Amino acid sequence: FTSNNITLSSEYHTKHLISYDWSHRGVHTSLRFFLPRENSLACMAELRNDRAEPAGIIIDATHLYRIGDAKWWGRDGISVRYVSASDASVSKIWAYGDVFVLGADMRSAAHNATGDEKEWEQWVRSVDPACLASASLKGVGPMRAVQRYSMLIPAHATRSVLFLLSRGKNEPGALEEFAAGKRESLAQLGRQLADDSAFWESCPMIEGDWPETWKRGWVYDFETLRMNVRNPIGIFKHPWDAMQVHSPRVVLGETCLDMMTLSYANPERAKEVIYGTFADALMPNVPCVREDGSMNMISADGSECGTAPMWGYPFHMIKSIYLATGDTAWIRRLYPHLKAYINWWLENRTDKEGWLHCNNSWESGQDGSKRFIVAEGNEGAVADFVRTVDVEASMAEALETMAAFSDIVGSRRELQHWNSLARERIRRTRAMFHDGWFRDIDARSGKPIILTEYADIMMLAPLTCNVATREQVEAVKPILQRFQEQPGGQLQWPPQLFTFVEACWNARMQMVGAEVVALTAERMYQRTDARTVSFRQGPFDYRIPGVANEFWPSREIPPGGENYGWGATLPMNIIRMIVGFRESASLSGNEFKLAPAFPARLMLPGKVYTTRNLHYRGSTFDVSYRCGSGGGITVSLRVRSPKPVVIVAKSDSDAIIAQTAGKAAAETMTFNASNGKIFSIQWE
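Numbering (the numbering used here) for the sequence shown: 19 to 702.
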C-alpha cells in the first residue's frame, strides 16, 4: 500500500467487525472481517466502481497454514486438496491438527496450492494461472492454498463477495462448518451490526472541540471493553470479563475497573458481569481463575489467591454504579456474595493483632512492589508481615458501603455490625500515618516501613476511600502535587491512576487530577490512533492501532499486552475528572455532581466541549461547556427523561443558580459556572 501511495484505513471497527478500506484507480474496496460462527471467519468484500466504464477485478484469496514451533507427535507435514463439490480448498496437517476450508459464495475461476512463496507469488501475478488439484509438503510449512475470483463491475455499480475460512476436527466436519457459515453469515452480520448500533446509541460520546485523537481513541477504548466481555462458558454461568484477549481470565480488580467504565454505556451488562464474577467464584475471595477452573494466582505457600479490596476498588465501583442506576434488586443479589468476600478477608488476612495484610504482592495487584520488602522482589513470596494501609483503607470503605447496602436489604442488625467494623478499620487506617505520609507497618518490628526516595501511590488509598482525617489530607496535598509534577512510572498504570485521581477529588484538588488524566489521554490516544502501522516485531509493541493496551507508558516504550481491558478505562477518568460528571453521595435522591475541570491547554475561550449520553437514574443528559475568559464556563445541560422533570442546578454552597420549568420530558438548562468548581444537579 505504501509503495503504491494508497491510503489504508478502517472505516468500521467494533468488537464484531473490522474493515480495511482503500481506493485505487477509481475502485473503492472494503474488506469487512467478522465472526459469524465460532469456527468460521468471514470476509465480506465490497467493491464500488466509481468509474464511467466497467472495471475488471481479480481477487486471490489465500489461506496460509503453518505448524507452530512447539514440537508434538503428528506434526510431520501439511496437505491441501481442492473439493469441487464445495468449490473449496481443504488444508490439513498429516497426523493431528485442525482442518481448514477456504471458499466463497461465488464460483472460483482457478485454484492452487504450494509450499513455495515464490511459486505462490508467480501464480497470483499470472493472468491465466493453471489449476492444481492438490499439494503437500513435509515439515512445518507454511502451505498456501489460493483460490481466484473474477468479476466485471459495471460503471457506478457495487458488487459483494463473501469469503469464508472455516475449521473442524476432520474434513467432513470442516466442510459442514463451511456450508453452515455460508448459510448463516449474512443474517448473523445483520444481528451484529444491530448490536453495534444499539450500543453506540446509548454510549457516551465526546463532540465539539475535544481533540480528534480523543474522539477516536474513546471509541477504541469502549470497543476494547466490549471485546473482552465473553459469553458464559465452563465454570462461568454469566457473562465474564476476560481482562485481555490473549490470556483470558477473571480477576476481580480488573473486572471492576473495566465494568465501571462500561457501565457508562451499558449498565445492565456491567452489573451482570460484576454479579457473575462473585456468584460464579470458586471461593469467597474470588480467586483469579480461567474458564476451566484452573487458578491463575498461587502464592509460594500454595494459597489460591484473588485480588485485595483496594485493587480496582470493587466496593467503590459497585457503590458508584448503584448510585447511578438505583438498582436495589442488583444490590440484594450481590449482598450475600459481598458479605462472604469481606468475611473471608477478615478471617484469613488479619494477623494476631487484627491488622490486614496481603499474602503476597500478586494478591495486592502490585506485582513485585518494593513495599513488600521480600527477597529479590519475588512476586509470589509470602509477605504477610506487611500491614498494608491500602487494604485497611479499602476495607473501611467496603464496610461503610455494606452498612449502606444493609439498609437496602432491610437488615438493621447488620447495619450496626458493619458500622462498628468500619469505625475500627478507619481508626487503624488513620493510625498508619507517620511523618506526613501513610505508611505500611512491618509487623515483625511494629515500625513503619520507610522506603527512602520512594513514595508508593497506593498509600493515597485513605484519601481515595475518603477515610483520612482532614489534617491528614492537608498534609498529603503537597505530595499529590509532586506526583503530578514528577509522575515517574506509577501513574502509567490504570489502577494507580484511578487511586491518584480519586484522591485528588476527595482532597478538592480536581484540577491536579484532571491535568494528569489529560496528559495521559493525549499521549495514549495519539498512539492508539496512529495513522501508520508499526512494523516492529517485539512482543509488546504497538503493532495494531485501534485497540487499548495494558498500560499507558509516559515514555516511548512498549505498552504491554494488546487489547487489554483496564487500558481502556480512560473514558471513565475523563468523564469523572475533566467533564466532572459524578455520582452524588445520596443513596436515594436524583442528584449528581458536575465539576468541569479543563486543563489550560483545553480551556481556551470559545472552545465548546460536549459530552452526550450521560445516564443517571433513568434520565439521560447531554452537557456542553463553552469556555470563556478568566476560568468562566457556560454550561448547557439537556435532559431526556421518561416524564417531565424539574432540573435544579446548585452551587457548592447549596444556592440555586438555575432551574427548568419542568413542562417537557426534554429540556435544556443553561447557567454560568467556573472551571474547577463543583455544582449539584437535582431533579424531581
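Beta carbons: idealized from backbone N, C-alpha and C, even for Gly. This one's a predicted model, so the numbers in the text were calculated from it and none came from an experiment.
CA nearest to the CA of I10, picked from Q384, D474, L605:
The question about residue 10 has no answer, for the chain in this structure spans 19 to 702.
With G186 as the anchor, note down where its beta strand (DSSP E) starts and where it stops.
In the sequence shown, the residue the question calls residue 186 occupies position 168. Run containing G186: 176-186, per the beta strand (DSSP E) assignment.
Kindly indicate which three-state DSSP category P54 falls into: helix, strand or coil?
Here residue 54 refers to the residue found at position 36 of the sequence shown. Reduced to three states, the DSSP call for P54 is strand.
Exposure label - G585; buried when at least 16 CB within 10 Å
The count along the sequence shown starts at 1 and reaches residue 585 at position 567. Under this definition G585 is a buried residue.
In its own chain, which residues sit with a C-beta less than 8 Å from the C-beta of N377, not counting the 5 before and 5 after it?
By one-based count along the sequence shown, residue 377 stands at place 359. Within the same chain, N377 has close Cβ partners S317, D319, S321, C323, R367, V400, A401, D402.
Boundaries of the beta strand (DSSP E) in which L612 is found, first to last residue:
The residue given as residue 612 occupies position 594 in the sequence shown. Its beta strand (DSSP E) spans residues 609-612.
Beta strand (DSSP E) segment containing S203, residue limits
Looking up residue 203 in the sequence shown gives position 185. S203 -> not in any beta strand (DSSP E); alpha helix (DSSP H) instead, spanning 189-220.
Can you give, in chain order, each stretch of the beta strand (DSSP E) that sits fully within the region 233-267 and has at least 3 residues?
none
Here's the rule: buried if 16 or more other CB atoms are within 10 angstroms of the residue's CB, otherwise exposed. What is N567?
Locating residue 567 in the sequence shown gives position 549, where the first residue counts as 1. Buried: at least 16 other Cβ atoms inside 10 Å.
Nearest-angstrom beta carbon gap, I171 and I251 [assumed within contact, 8 Å]:
Residue mapping note: residue 251 aligns to position 233 of the sequence shown, counting from 1. Residue mapping note: residue 171 aligns to position 153 of the sequence shown, counting from 1. About 43 Å separates the two Cβ atoms, so there is no contact after all.
Close beta carbons around I562, own chain, < 7 Å, minus the five adjacent residues each side
In the sequence shown, residue 562 corresponds to position 544, counting from 1. Cβ within range, chain order: E580.
Assuming S637 is part of the beta strand (DSSP E), what are its boundary residues?
For this step, residue 637 is matched to residue 619 along the sequence shown. Segment 637-645, the beta strand (DSSP E) holding S637.
Can you say whether D670 is buried or exposed, counting buried as having 16 or more other CB atoms within 10 angstroms of its CB?
As a working mapping, residue 670 is identified with position 652 in the sequence shown. Under this definition D670 is an exposed residue.
Coil, strand or helix - N67 by DSSP:
Walking along the sequence shown from the start, residue 67 turns up at place 49. Three-state result, N67: strand.
Distance, Cα to Cα, P589 vs V626?
To locate residue 589, count along the sequence shown from 1; it is residue 571. To locate residue 626, count along the sequence shown from 1; it is residue 608. Their Cα atoms are separated by approximately 18 Å.
Please go through the same chain and pick out, in chain order, the residues whose beta-carbon is closer than 6 Å to the beta-carbon of P703, but skip the five residues on each side of it.
The shown model of the chain, from 19 to 702, leaves out residue 703, and the question about it has no answer.
Determine contact between the region 692-701 and the region 615-632, defined as no fewer than three beta-carbon pairs at a distance below 8 Å.
yes
Using a C-beta cutoff of 8 Å, does N690 count as contacting chain D?
This model lacks chain D altogether, as it is built from one protein chain only.
Jot down the residue ranges of each uninterrupted alpha helix (DSSP H) in the region 322-380, minimum 4 residues, whole runs only, in chain order.
332-343, 346-366
Look at the Cβ atom of I111, then the Cβ atom of I96, and state whether they are nearer than 8 Å.
Locating residue 111 in the sequence shown gives position 93, where the first residue counts as 1. Locating residue 96 in the sequence shown gives position 78, where the first residue counts as 1. Closer than 8 Å, so yes.
Residue nearest to A461 in terms of C-alpha spacing, selected from T406, P480, D425:
Taking the first residue of the sequence shown as 1, we reach residue 461 at position 443. For A461, the nearest C-alpha among the options comes from T406.
Please check the pair S534 and Q499, which I expect to be a contact at CB under 8 Å, by giving their CB distance rounded to whole angstroms.
Start at 1 with the first residue of the sequence shown, and residue 534 comes out as number 516. Start at 1 with the first residue of the sequence shown, and residue 499 comes out as number 481. Ser is not the amino acid found at residue 534; the sequence shown has Val there. With a Cβ gap of about 11 Å, V534 and Q499 do not count as contacting.
I think T517 touches I459, with their Cβ atoms under 8 Å apart; what is that distance to the nearest whole Å?
The sequence position of residue 517 within the sequence shown is 499, counting from 1. The sequence position of residue 459 within the sequence shown is 441, counting from 1. With 8 Å as the limit, T517 and I459 do not qualify as a contact, their Cβ atoms being about 19 Å apart.
To the nearest angstrom, how far is the alpha carbon of G583 from that of G598?
Locating residue 583 in the sequence shown gives position 565, where the first residue counts as 1. Locating residue 598 in the sequence shown gives position 580, where the first residue counts as 1. One C-alpha to the other measures close to 23 Å.
Taking only the alpha-carbon atoms, compute the straight-line gap between D385 and P305 and give it to the nearest angstrom.
Within the sequence shown, numbered from 1, the residue matching residue 385 stands at position 367. Within the sequence shown, numbered from 1, the residue matching residue 305 stands at position 287. If I take the Cα positions, the gap works out to 16 Å.
What are the residues that DSSP puts in a beta bridge with P466?
Locating residue 466 in the sequence shown gives position 448, where the first residue counts as 1. DSSP output for P466 lists I459 as bridge partner(s).
Suppose you measure from the CA of K704 to the CA of L270; what does that come to, to the nearest Å?
The chain is shown from 19 up to 702; residue 704 falls before or after that span and cannot be answered.
Could you give the uninterrupted runs of the alpha helix (DSSP H) lying entirely in the region 520-597, keeping only those of 4 residues or more?
528-546, 588-591
Thinking C-alpha only, which one of I349, E410, K388, V392 is nearest A421?
By one-based count along the sequence shown, residue 421 stands at place 403. For the residues I349, E410, K388, V392, the minimum Cα distance to A421 belongs to I349.
Going by other Cβ atoms of all chains shown within 10 Å of its Cβ, with 16 needed for buried, is V145 buried or exposed?
Locating residue 145 in the sequence shown gives position 127, counting from the first residue. By the 10 Å Cβ count, V145 comes out exposed.
Residues of its chain near A198, where Cβ-Cβ distance is below 7 Å and the 5 sequence neighbours each way are ignored:
Within the sequence shown, the letter at position 180 stands for residue 198. Cβ within range, chain order: R55.
Status (buried if at least 16 other CB within 10 Å, exposed otherwise) for C61
On the sequence shown, residue 61 is found 43 positions in, with the first residue counted as 1. Its Cβ being crowded by 16 or more others within 10 Å, C61 is buried.
Extent of the continuous alpha helix (DSSP H) to which A297 belongs
As a position in the sequence shown, residue 297 is number 279, starting the count at 1. Its alpha helix (DSSP H) spans residues 285-297.
Relative to the ligand NAD, is the shortest distance from any of its heavy atoms to the C-beta of L612 smaller than 7 Å?
The ligand NAD is absent from the structure shown, which contains no ligand whatsoever.
Leaving out the 5 sequence neighbours to the left and right, which residues in its chain are closer than 7 Å to F52 when beta-carbon positions are compared?
Along the sequence shown, read from residue 1 onward, the residue named residue 52 stands at position 34. Contacts found: H34, L35, A60, L207, Q210.
Nearest-angstrom Cα separation, counted from Q677 out to I592:
Here the question's residue 592 lines up with position 574 in the sequence shown. Here the question's residue 677 lines up with position 659 in the sequence shown. In a straight line, the C-alpha of I592 is about 26 Å away from that of Q677.
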